[in-house]
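A.B. asks:
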Amino acid sequence: MVVDIILNIAPVFITYYLVALGHGFFEKSGVLNLAIDGLFILAASVTFAVSVYTLNPWLGLLAAVIVDSLFGVFLAYVTTKFPVSHGAVGLSLMFLGYGLGLVVGTPANFYASAREINPADYTLKITTDIEIAMYVIPLLIGLLLLHILNYTKLGVAIRASGENPHAAASLGVDVLRTRLIAGAIGYALIGAGGAFFTLAWRSGWDPKLYLLGYGWIAFAISLSAGRHPLLTALNAWIFAGLVRYQFTIQVVAGLGTEAGKMLPFIAAIAAMVIFNITPLRKILATPASLGKIYYKEEKTV
Amino acid sequence: MVFKESSKRFRGFITEPKVIALIIGTILYVVVMVVATLFYFNRDLILLSTIVYTIYYLYVTIVSYTRIIIIKRVKPIPFSGALIPIMSLVIGLLLSSIILSLARGISPVDLFFAVGRAFFQLTVIKDLVILTLVGISLVLAFTGAVWNIGSEGQIHMGMMVTTWIALFTALSSIPFLAKIVCVILAGVFGALWAAIAGLLRAYAGIDEVPITLMMNYIAYYILDILVYGPWKGEYTYGYIRTDEIPHGMWFQRVWIPGLPSLTATWEALLLAIVIGVLAWLLLKYTTIGLRIRVLGSNPDILRSSGISVPLTIVLALTISGFVSGVVGAVYVLGDTHRLGYPIEGQTANHGYLGILVAWLSMLDVRAVPVAAYIVSALRNAGLLVQIAGIGGTETMFVFIGSVLLTYSVVRILSEYSVKIRYR
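Protein sequence lines correspond, in order, to chains A and B. Residue 1 is where the first sequence starts when you use my numbering, and the numbers rise one by one after that. Residue 302 is where the second sequence starts when you use my numbering, and the numbers rise one by one after that.
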């Protein structure tokens, strides 16, 4: 019974955890990532389109990972190479993500309804094994990222670029290359999360996805866990439970549908407040140069 | 370049690993093409390998042998305030027409005709007035480097109060007074909604962008709860929505003899002009305006001159929220006259479009109406294209995304020069 409840959360957990994990990893390198919600929706739509056309969920996952990591590399390149506002570039990529998601998803939706393709044909068949895998694999990825961040040269470079890119550069770290790698890995994970949103959690696509704002909940999950890979897992699990059992909570507490939808957002804001006003903020500090313009005057012309 | 050196350089070029990989890649590409075309005709394979090969070829020939140098200019380029928005509009429109024509097979020419036609449509004026107000609201916050992305939520709070006064209070029997109270209370509610985010930003140090954004969703759902529950109307023909607000409270449509009726309203025009002038005066001539401007450029100066930075942040967001709240009143009294369900799918995303307006105006209140005109024309172009076959929402988002993206990158050209050099 309890095991069933926990296993049922798995599709939501893998979505939130992968997205929050990728987001945290990318932000560790000092790029403020406001494109998260748009590119999350883009990944979900790309997965839907590719899986509908090929009837293979794994190809959809692969496509989402590739598309999103390209966008991540682009975001990292533009914000590091040019002295531009991270927020403005991120938000515009968010809008572009919503638009491209609709551009990609709408014809696939028509195609699916014209050929009478059911979600069961292109999404994952959820069995107990898959649900267990949905817990184990992301946790392994989280451990791997924790190891990379703390014990490898790349991880040190990423953290240094996030704390003080100028100092890092003078010690021989290639800030641009580091952030490109962090962007590729981070957004690959966000893309994978978006893919599982379509394949396992929602089992389908609809044009109003951009109104859900689930990417922002992942943003709050990552922020309130201090971007720590394992704490993110705990937070993601709590939020996944909250969203998965939204309707149960509604019934138990006697709330309406809309109040149930509102709950995760209030919880997300509350989590961010709790993180920011308790000592957690000092222990798991935000990267010092997060969102700051990195501009290096060229000495040679 | 000396010939001898260049031949030496060429020999060095040939033995570089990148170039050897390129030669191997070319051979592989040719083999794949031959196999794919002769033995089994696979269009996807040809397309994919061509794309990969082209990207790699471009990388080796251009990207890895040039470098981009960014140098700060001594003086910003002249006319950058006008040049940069125009440049980003043109490039952004080209970008989005490429995206839409690749994805949907719409010819770019049709798209440009739609955009061009939209600039001369009278329906633009309604959006123009509303977007001017939203743009002013956001310029007030952005000038202080407080990124209020929650205009959408503040507008909805204003809509809530307006609908409540119009439908459920006795005030609606005195239309003139009711309109004034609506506008003021809507502003106050927008301001309070923004102040929550402002307080969290100022005193708990939480980034205002995610907070204001998530509060948009909360505002949507609050309205949904009201419209679905206690406010559900009796005369709605089976739709889930509120009743229409009393006709006496509707804003008066602009009607000039000899011209077709405009969808804009006199009251909205008046409000836009008054608030625009007040906002300009506030930013230019008052202490509060100066503090907000200094907050945007250098908060340390504020701190060292003994002015509370957190209080200034809250103030900037609150004033911005007030103007956004007023937009809610304008929207309900002048346009929709009722609330529908679900609210998040029915309004026009003015809060998000306003961000584009504020950026394109280069944070100058006087330029906001021009920027609002351009953006409302683009939105209407999206609607025109929608009639021609593709969705208006996606066109709108692609337009916003690509113009804003180009703008935020091109903007550096006013202060920096970008040069491309051979490595």
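For glycine and all other residues, C-beta sits at the position ideal for the given N, C-alpha and C.
1) On the DSSP letters alone, give me the boundaries of the beta strand (DSSP E) that R639(B) sits inside.
2) At a CB-CB cut-off below 8 Å, which residues of chain A make contact with R405(B)?
3) Put S709(B) into one of helix, strand or coil per three-state DSSP.
4) Against S92(A), what residues of chain B qualify as contacts under a CB-to-CB distance less than 7 Å, listed in chain order?
5) Would you grab the beta carbon distance between L654(B) and V676(B) for me? Rounded to a whole angstrom, and I think it's under 8 Å.
6) Are L468(B) and V482(B) close, meaning C-beta to C-beta below 8 Å?
7) On the DSSP bridge list, what partners appear for L137(A)?
8) Alpha carbon to alpha carbon, how far is S170(A) from K296(A)?
9) Can you grab the Cα-Cα spacing for the pair L705(B) / G393(B), in whole Å?
10) With 8 Å set as the bound, which would you pick, yes or no: does the beta-carbon of A352(A) sit closer than that to a beta-carbon of chain B?
11) Where DSSP assigns a beta bridge to S605(B), which residues make up the other side?
12) State yes or no: is the beta carbon of K302(A) nearer than 8 Å to at least one beta carbon in chain B?
13) Based on DSSP bridge pairs, tell me the residues matched to I269(A).
14) Taking the C-alpha atoms as reference points, what is the distance between V628(B) and I656(B)?
15) Can you give the beta carbon distance from P264(A) to F239(A), rounded, assuming they're within the 8 Å contact cut?
16) Under 6 Å Cβ to Cβ from W201(A), same chain only, skipping five residues before and after it: list those, please.
17) Using a Cβ-Cβ cutoff of 7 Å, what residues of the segment 418-448 of chain B are near chain A? List them in chain order.
18) Determine the chain B residues that contact M1(A) at a beta-carbon separation under 8 Å, and present them in chain order.
19) Starting from G506(B), find everything on chain A with Cβ-Cβ shorter than 7 Å and list it in chain order.
20) Apply the 10 Å Cβ neighbour rule to Q553(B) and answer buried if 16 or more other Cβ atoms are within range, or exposed otherwise.
21) Return helix, strand or coil for Y723(B), following the three-state DSSP convention.
22) Sort out for me which residues DSSP pairs R542(B) with in a bridge.
23) Counting only the same chain and skipping the five closest in sequence on each side, list residues whose C-beta sits under 7 Å from that of L486(B).
24) Roughly how many angstroms lie between the CA atoms of R227(A) and R281(A), to the nearest whole one?
25) Using a C-beta cutoff of 8 Å, does P287(A) count as contacting chain B?
26) Against chain A, which members of the segment 318-340 of chain B pass a CB distance test of less than 9 Å?
27) Shorter than 8 Å from the beta carbon of G254(A) to some beta carbon of chain B?
28) Pull up the distance between the alpha-carbon of I776(B) and that of L144(A), whole angstroms please.
29) What in chain A is Cβ-close to T694(B), meaning under 7 Å?
30) Give the single residue among Y354(B), I576(B) and D636(B) whose Cα lies nearest to the Cα of V669(B).
31) State the beta-bridge partners of I576(B) as determined by DSSP.
32) Nearest chain A C-beta to W494(B) closer than 8 Å, yes or no?
33) I'd like to know whether the C-beta atoms of Y723(B) and Y366(B) end up nearer to each other than 8 Å.
34) At least one CB of chain B closer than 8 Å to the CB of I5(A): is that the case?
35) Strictly below 7 Å CB to CB, what residues from chain B border W216(A)?
36) Determine, for I721(B), whether the minimum Cβ-Cβ distance to residues of chain A falls below 8 Å.
C.D. replies: Reading from the atomic positions:
1) Element bounds for R639(B): n/a, residue is neither H nor E.
2) Correct list: V103 and P107.
3) helix
4) G702, L705, L706 and S709
5) 6 Å
6) no
7) The sequence shown places Ile at residue 137(A), rather than the Leu named in the question. According to DSSP, I137(A) bridges with nothing at all.
8) 11 Å
9) 8 Å
10) This structure gives no information on residue 352(A), because the portion of chain A shown stretches from 1 to 301.
11) BP columns for S605(B) are empty, so no partner.
12) Absent from the model: residue 302(A). The displayed extent of chain A is 1 to 301, so no value can be given.
13) I269(A) pairs with nothing; no bridge assigned.
14) 14 Å
15) Distance from P264(A) to F239(A) at the Cβ level is roughly 6 Å; contact confirmed, criterion being Cβ atoms closer than 8 Å.
16) Closer than 6 Å at the Cβ level, and outside the excluded window around W201(A), lie P11, V12 and T15.
17) W448
18) Result: empty, since nearest Cβ-Cβ is about 31 Å, beyond 8 Å.
19) Per Cβ cutoff of 7 Å: N276.
20) exposed
21) strand
22) G641(B)
23) V462 and I466
24) 11 Å
25) no
26) none
27) Chain B contact via Cβ: absent.
28) Shown here, chain B extends from 302 to 724; a query on residue 776(B) therefore has no answer.
29) L102
30) I576(B)
31) Answer is none; I576(B) lacks a bridge partner.
32) Residue contact check for W494(B) against chain A: no CB pair falls below 8 Å.
33) yes
34) no
35) P511, L514 and M515
36) Chain A, which has no Cβ nearer than 8 Å to the Cβ of I721(B), makes this no.
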